[in-house]
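K.L.:
Pasting a structure below so you can have a look.
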Amino acid sequence: MKFDVMKESFPKLIGGVPETLLLVSISLLIGFILAVVFAQLRLSKNIFWSWIARTYIYIFRSTPLLVQIYLIYYGSGQFRLLLQDIGAWTFFREAWFCAIMALSLNTGAYTAEIIRGGIQSVSWGEVEAGKAIGMKPFTLFRRIVFPVAIRQALPSYGNEVILIVKSSSLASTITILEITGIAKKIIAATYAPIEVFIIAGCLYLVINFIVTRIIEYAEHKLSPQMYR
Amino acid sequence: MDFGLLGFGVDGWGDEMLRGAFMTLMVSIAAYSLGILLGALGTFLKLSKSFFLRLLADIYTTIVRGIPELLIIYLVFFGGGIMLAKISALLYGGQGYINLPVFVTGMICIGFSSGAYSAEVIRGAVLAVPKGQIEAAKAIGMTPFTLFKRVLGPQVARLALPGMGNIWQLTLKHTSMISVIGLVEIMRQSAVASGSTREPFTFYAMAGLLYLGITSISNKGFSRAEKWAAKGVRSE
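In the order they appear, the protein sequences are chains A and B. Per the working numbering, the first sequence starts with residue 4, numbered consecutively. Per the working numbering, the second sequence starts with residue 387, numbered consecutively.
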């Protein structure tokens with residue numbers, strides 16, 4: 004064990020934590036919005052919309068995230084002229100935007116299924132009662148369906164958040180310097196893979212430990228009647 | 387897009403891509419099988435009476451499920467290479483770096499991750515078997531092996547099947563990460579093909595379709611197996 008390498012690389016790896024957290028939080032935010040929309044479409048009575056949502060969810064859940072990242076980052080190069088014409092090339096040129104896009108679309112598909120499960124668990128009586136006192140569909144969703152669905156979906160969503168923390172390491176394959184990317188860079192210079200990867204692994208463990216705690220806290224807050 | 391590139395023969399990449407798909411399938415099956423073994427072992431440890439063994443299993447599942455698979459692959463591949471080189475230097479005065487075989491390395495890394503998820507699924511299934519049945523089996527004097535063969539095994543297999551189906555999908559998708567250390571499976575083959583033809587979209591889209599095909603077919607297989615396993619179950 005080269006302890007001096009460990010000591011030296013520790014602050015550098017810590018420097019990658021904000022980038023990892025940024026990737027994770029932005030994609031979770033965009034992914035969540037996508038998920039709410041697509042869960043609604045998936046449950047809609049219109050065959051066309053539900054088909055669109057089904058296809059999106061099916062494609063993104065059945066292929067590896069790595070394919071999605073490469074397809075967006077490298078694949079977009081094949082349509083460079085077209086993308087330049089419509090002015091989208093500035094986005095696709097940046098590895099960071101591509102990583103965010105792939106991660107968001109990916110977690111959006113998984114989360115949509117989680118939220119759908121939550122929405123379907125809301126009992127008919129509550130929805131009917133809401134309708135009976137004349138709530139508009141949006142108010143009904145905001146006050147009745149959504150809060151109950153979220154409470155139900157939270158444990159599964161916690162697992163999804165941890166998976167996304169882990170998946171964000173794949174962004175290092177398209178040159179992004181988050182924890183894994185920085186670890187790879189240090190190893191190329193010091194040739195001490197075991198020491199560096201152990202520290203990087205510990206950082207991920209700490210992040211995931213904190214994430215689980217936050218989710219547990221939220222579960223506690225959202226259903227206080229269960230813990231009285 | 388030039389679809390001629392996806393043809394077979396000397397000019398097309400179709401046969402190479404299919405070979406990549408075969409490699410993906412092989413390494414997935416190998417890793418999944420290793421995962422089931424480790425999952426069964428992990429379940430055994432988690433349900434054992436010894437505090438130390440339970441702790442060991444908990445450490446295994448917590449660490450492996452909390453660290454990115456990509457990092458584990460890098461750690462084992464590069465770290466293992468250096469360790470082997472050091473051992474060989476010590477024993478035979480060997481010099482330089484030793485490359486680990488990529489298939490085995492990838493199988494072990496993804497297998498360990500798959501095993502941690504399998505352990506949770508199998509443990510859940512074991513706990514779902516009613517206690518009374520096990521007590522009854524013990525009461526009529528079944529040996530532990532017979533008890534497993536006749537009572538526990540068949541029921542655990544049935545109860546774990548849906549969860550194990552999900553883990554198969556997860557394992558299959560995770561094997562794409564083995565491409566970073568150079569195993570020529572779907573992803574690596576697509577990278578090579580798009581590098582030489584400059585049509586990355588065509589080949590990564592093809593890669594996506596191949597994964598989609600494998601997951602769809604295996605999904606069908608698993609739901610069929612679930613139906614078959616539920617044959618003897620009374621439903622209301």
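Ideal placement from N, C-alpha and C gives every residue a C-beta, glycine not left out.
Using DSSP with H/G/I as helix, E/B as strand and the rest coil, what is Val125(A)?
P.N.:
Correct three-state label for Val125(A): coil.
K.L.:
My parser needs the beta strand (DSSP E) runs of 3 or more residues fully inside the stretch 109-169 of chain A; what are they?
P.N.:
Scanning the stretch 109-169 of chain A from its first residue to its last, no whole beta strand (DSSP E) run of 3-plus residues comes out.
K.L.:
Could you check if Arg509(B) is buried or exposed, using at least 16 other CB atoms within 10 Å of its CB as the buried criterion?
P.N.:
buried
K.L.:
Could you please give the first and the last residue of the uninterrupted alpha helix (DSSP H) stretch that includes Thr66(A)?
P.N.:
That residue, Thr66(A), is in no alpha helix (DSSP H); it is neither H nor E in DSSP.
K.L.:
Round the Cβ separation of Val164(A) and Val214(A) to the nearest angstrom and send it over; I've been treating them as touching at under 8 Å.
P.N.:
Here Val164(A) really is in contact with Val214(A); their C-beta atoms are around 5 Å apart, less than 8 Å.
K.L.:
Is DSSP giving Tyr73(A) helix, strand or coil here?
P.N.:
Residue state, collapsed to three classes: helix.
K.L.:
At the level of alpha carbons, what is the spacing between Lys535(B) and Lys524(B)?
P.N.:
13 Å
K.L.:
Buried or exposed, going by whether 16 or more other CB atoms sit within 10 Å of the CB of Ser124(A)?
P.N.:
exposed
K.L.:
Helix, strand or coil for Trp399(B), going by three-state DSSP, please let me know.
P.N.:
coil
K.L.:
Quick check: what's the CA-CA separation for Ala112(A) versus Glu402(B)?
P.N.:
Whole-angstrom Cα-Cα distance: 30 Å.
K.L.:
Please give the ranges of any beta strand (DSSP E) in the stretch 456-518 of chain B, keeping only runs that are unbroken, at least 3 residues long and fully inside the region.
P.N.:
none
K.L.:
Quick check on Thr588(B): buried or exposed, where buried means 16 or more other Cβ atoms within 10 Å of its Cβ?
P.N.:
buried
K.L.:
Below 8 Å on the Cβ atoms is my contact criterion, and I expect Leu431(B) with Leu439(B) to pass it. Report the Cβ-Cβ distance as a whole number of Å.
P.N.:
5 Å
K.L.:
Are Ser604(B) and Tyr590(B) close, meaning C-beta to C-beta below 8 Å?
P.N.:
no
K.L.:
Using a C-beta cutoff of 8 Å, does Ser414(B) count as contacting chain A?
P.N.:
no
K.L.:
Is the stretch 99-116 of chain A in contact with the stretch 69-78 of chain A, if contact means three or more CB pairs nearer than 8 Å?
P.N.:
Touching, yes, given that three or more Cβ pairs across the two stretches are closer than 8 Å.
K.L.:
May I ask you to report which of helix, strand or coil DSSP gives Val619(B)?
P.N.:
coil
K.L.:
Under 8 Å between beta-carbons, which chain A residues line up against Val566(B)? List them in chain order, please.
P.N.:
Thr176
K.L.:
Residues of chain B with CB closer than 7 Å to the CB of Pro67(A), please, in chain order.
P.N.:
Lys559, Ser562, Tyr597
K.L.:
Using the beta-carbon of each residue, which ones in chain A are nearer than 8 Å to Ile453(B)?
P.N.:
Lys169, Gly204, Tyr207, Leu208
K.L.:
Is there at least one Cβ from chain B nearer than 8 Å to Gly78(A)'s Cβ?
P.N.:
yes
K.L.:
Measure from the alpha carbon of Leu595(B) to the alpha carbon of each residue in Tyr483(B), Ile422(B), Ser576(B), then state which is nearest.
P.N.:
Ser576(B)
K.L.:
Using only the alpha-carbon positions, how far apart do Ala616(B) and Met528(B) sit?
P.N.:
If you take the alpha carbons of Ala616(B) and Met528(B), they lie about 25 Å apart.
K.L.:
Could one say the Cβ of Thr110(A) lies closer than 8 Å to chain B's Cβ atoms, at least one of them?
P.N.:
no
K.L.:
Output needed for Thr193(A): all residues of its chain with C-beta closer than 6 Å, excluding positions within five of it in sequence on either side, in chain order.
P.N.:
Correct list, in chain order: Val8.
K.L.:
Check whether the Cβ of Met573(B) lies closer than 8 Å to any Cβ atom in chain A.
P.N.:
yes
K.L.:
Rounded to whole angstroms, what's the CA-CA distance from Arg405(B) to Glu571(B)? Just pull it up for me.
P.N.:
Straight-line Cα distance between these residues: approximately 8 Å.
K.L.:
Counting only runs of 3+ residues fully inside the stretch 22-64 of chain A, write out the beta strand (DSSP E) ranges in chain order.
P.N.:
none
K.L.:
Since Leu173(A) meets chain B, which of its residues come closer than 7 Å, beta carbon to beta carbon?
P.N.:
Leu456
K.L.:
Is the beta carbon of Ser474(B) sitting closer than 8 Å to the one on Ala417(B)?
P.N.:
no
K.L.:
Keeping to the same chain, check which residues put their C-beta closer than 8 Å to that of Val515(B); ignore five residues upstream and five downstream.
P.N.:
Val537, Leu538, Gln541, Val542, Leu545
K.L.:
My output table needs one value for Lys5(A): the three-state DSSP class, helix, strand or coil.
P.N.:
coil
K.L.:
Should Thr142(A) be labelled buried (16 or more other beta-carbon atoms within 10 Å of its own) or exposed?
P.N.:
Per the 10 Å Cβ criterion, exposed.
K.L.:
Going by CA-CA distance only, name the one from Gln228(A), Val151(A), Lys139(A), Ile117(A) that's closest to Trp127(A).
P.N.:
Val151(A)
K.L.:
Return the chain-ordered list of same chain residues with a C-beta closer than 6 Å to the C-beta of Ala195(A), the five sequence neighbours on each side being excluded.
P.N.:
Lys5, Val8
K.L.:
Could you tell me which chain A residues have their CB closer than 7 Å to the CB of Ala443(B), listed as they occur along the chain?
P.N.:
Correct list: empty, because the minimum Cβ distance to chain A is about 17 Å.
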